[in-house]
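Numbering (my numbering), first residue to last: 338 to 634.
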C-alpha cells in the first residue's frame, strides 16, 4: 500500500452525474456502472459509510493495513476514516451504497446507534463477509430496489431510501450475528453503557488513555466498565483503548507528512520515547519501521 499521503474523499467526489439536492447524503450505484462513479485505485479514506456487494470475482480488500482476501458473493462494510484499497477482478459486478452520518442518523429509528457502533465498528466488526447464495439473493434484491428508487427519484424518495437502507443494514446485521455467533444486544442499560463508552473512546482517545478516565465519565467503576466490555465484546476496556490508539497511530504513520514526535503528541503522549516503546511493545516493531514497511509494500 505505497502512498505518501492518504487522500480523504467526500460522498460526491468522483461522481459524474448530477445528484438531486435531497439526495446529497446518499449515493447508490452499480459497481460496473463506470458512467456514474469512479473507482479509486490507491489507498484512501472517506467521511461516509459504505456498503459494497459483489456478486462474483475475487481479490483483496485492504482495510486499515489488514488484507482481507475474498471471493464473491461477498459484502464489504466500511466506516468513515478507514484507510482502504480494493483490488478486484475487472469483471466484478455488484452494487455500492454510500451514505453520510446525517442520513444514517435521520428519522426516528431507535436502532440507529446500534448500527453505527456495531455493524460499522472499526475495532470489533467484521468488515468483509462471504455470503451464502440465499443471503446474496436477498441483499441483491434489496439493493436493486434501492438503486431503482435512487435513479428515479420523486416525492418521498428520501424516506423510501431510508427504509430500504435500514432493511439492508438489518439483513447484514442478522447475517453477521448468525455467522459469527455474536451477542444479540437488546435495548437496555448494558447496550446503552457500551455505546456510551464507544462514543467517549471515539471522542477522547487522543488525550485519555486510562480506563479510569472513561469510567469516571460514565459514573461507574473501572471494574464495572471492564466487566461490561469483556462480556459484550470479549475484550476489557483497557484493550479497546489500546487498540484504538494503535489504529490511529498506524493511520498517521502512513500519512508520511508527520514526524514520529508530532504523532506522539497528537495521540496524547508527552514523551515521544514512551510512544515509541508503547508502539513497539504492541506491534513488535518501532513506529519508523512500520512506516517504512507499509510504504514498501
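Ideal placement from N, C-alpha and C gives every residue a C-beta, glycine not left out.
Small disclaimer: the values here were computed from a predicted structure and weren't measured.
Contact under 8 Å by Cβ, residue i with residue j
i           : j           : result
residue 562 : residue 576 : no
residue 429 : residue 394 : yes
residue 363 : residue 435 : yes
residue 465 : residue 424 : no
residue 555 : residue 528 : no
residue 421 : residue 398 : yes
residue 635 : residue 467 : The chain is shown from 338 up to 634; residue 635 falls before or after that span and cannot be answered.
residue 414 : residue 512 : no
residue 615 : residue 623 : no
Helix, strand or coil at residue i according to DSSP, with G and I counted as helix
i           : result
residue 398 : strand
residue 464 : coil
residue 389 : strand
residue 589 : helix
residue 421 : strand
residue 575 : helix
residue 490 : coil
residue 624 : helix
residue 546 : coil
residue 430 : coil
residue 539 : helix
residue 619 : helix
Own chain, CB closer than 6 Å to residue i, minus 5 neighbours either side, in chain order
i           : result
residue 542 : 581, 582
residue 587 : 402
residue 628 : 590
residue 433 : 366, 368, 389
residue 418 : 382
Through-space distance from residue j to residue i, alpha-carbon basis
i           : j           : result
residue 605 : residue 544 : 5 Å
residue 371 : residue 514 : Caution is warranted here: a pLDDT of 49 is assigned to residue 371, below 50, making its placement in the model unreliable, and the coordinate value is therefore given only provisionally. Answer to the nearest angstrom: the Cα atoms are 34 Å apart.
residue 595 : residue 568 : 38 Å
residue 389 : residue 369 : 12 Å
residue 570 : residue 547 : 18 Å
residue 715 : residue 551 : What the structure shows of the chain is the stretch from 338 to 634, and residue 715 is not part of that stretch, so it cannot be assessed.
residue 516 : residue 474 : 17 Å
residue 599 : residue 380 : 22 Å
residue 601 : residue 632 : 20 Å
Close-in-space but distant-in-sequence residues of the same chain around residue i (CB under 7 Å, 5 per side omitted)
i           : result
residue 619 : 579, 583
residue 431 : 368, 389, 390, 391, 392
residue 565 : 527, 530, 531
residue 463 : 513, 517
Beta carbon proximity, residue i to chain B, threshold 8 Å
i           : result
residue 609 : Given the protein chain composition of this structure (a single chain), no chain B is represented.
Proximal residues to residue i (C-beta, below 8 Å), its chain only, five neighbours per side dropped
i           : result
residue 484 : 365, 366, 367, 432
**Report entry** Segment contact flag, the segment 538 to 555 with the segment 490 to 501, C-beta cutoff 8 Å, min 3 pairs
**Finding:** The segment 538 to 555 is not in contact with the segment 490 to 501.
Report task. Say whether the segment 478 to 485 touches the segment 494 to 508, bearing in mind that this needs 3 or more beta-carbon pairs closer than 8 Å, one atom from each stretch. Result -> Touching, per the Cβ criterion.
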